[in-house]
Amino acid sequence: MKLFFISILLIIFSKTLLAQDVDSLAADTSFYIVYVPKYEVSFGVQHSNVPAIFLSNAFIPDNYEVEWRVKNRTYMQAGLFAVSASDVPGEYFFTNGFGVYTGASLKLFLFKNAYFNATWNLIYDQYGKSDSVHNWSISTGPTAAFVYFITDRFSLRLDAFNVNIAVGSPDGFSNIFYTVHRLLGLGVRYSFDVGRNN
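According to our numbering, the residues represented by the sequence shown are 326 to 523, in order.
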């Protein structure tokens, strides 16, 4: 058992398992080196509101996302929320609406193995029957997040906040309101490449 834990620690803290590559298009001097994530694609499982785990006993992760590199630090993403914007994340889990989204993100290097992740999403929400205000909504807005690679493939993402401006039923595009899909969210991601030996 001790050998197992020692092996895990060696993997996590090994200097040979860097999560970044030097950006070949950036200036590379002794004072300025820009790093980009090593792998092109990542898949994440997240809980979009960690406080809800404790306040509402909402234990099941409610956000599933795939993200792929377009160029350098620019990524596209697509994902699924297991609840609509009107519900506590993780509390209903596909029994009271859902959300699907796509968007673009920019990974900005902070320090070794760490990035600031700025994202803009377009989200479609289908609300549950218990929602007396909305049937559906389309929203768009930013998310601010931080990503830290604990190995070259596994990373943790903290979603600090998300806010969206939305339109939806019953008044269609004349009904403007705000939604929040992520607030102090936390997840784990696995990174890999497609089409080449990993």
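Ideal Cβ positions, reconstructed from N, Cα and C, are used throughout, including at glycine.
Quick caveat: nothing in here was measured; it's all calculated off a predicted structure.
Check, Outcome
"Could you give the DSSP three-state label for Val395: helix, strand or coil?", "strand"
"Within 8 angstroms, do at least three Cβ pairs link the segment 502 to 520 to the segment 396 to 404?", "no"
"Hey, out of Lys437, His459 and Val425, whose CA is closest to His506's CA?", "Val425"
"Could you tell me the alpha carbon to alpha carbon distance between Ser349 and Thr465, rounded to whole angstroms?", "Low confidence applies to Ser349: its pLDDT is 49, below 50, so where it sits in the model is not reliable enough to give any reading."
"Please go through the segment 436 to 483 and give each complete beta strand (DSSP E) segment of 3 or more residues, from N-terminal end onward.", "439 to 452 and 461 to 474"
"Tell me the DSSP secondary structure of Phe379 in three-state form.", "helix"
"Report back the beta-carbon spacing between Ala469 and Ala439 to the nearest angstrom; my notes put them in contact at under 8 angstroms.", "That belief does not hold up - the Cβ atoms of Ala469 and Ala439 are roughly 14 angstroms apart, past 8 angstroms."
"Around the C-beta of Ile490, are 16 or more other C-beta atoms found within 10 angstroms, so that it is buried, or is it exposed?", "exposed"
"Roughly how many whole angstroms lie between the Cα atoms of Phe423 and Asp387?", "9 angstroms"
"If you reduce the DSSP assignment to three classes, tell me which class Ile385 lands in.", "coil"
"Relative to the C-alpha of Phe502, which residue among Leu511, Leu431 and Val492 is closest?", "Val492"
"Of the choices Glu390, Asp477 and Leu481, whose alpha-carbon is the least far from that of Thr427?", "Glu390"
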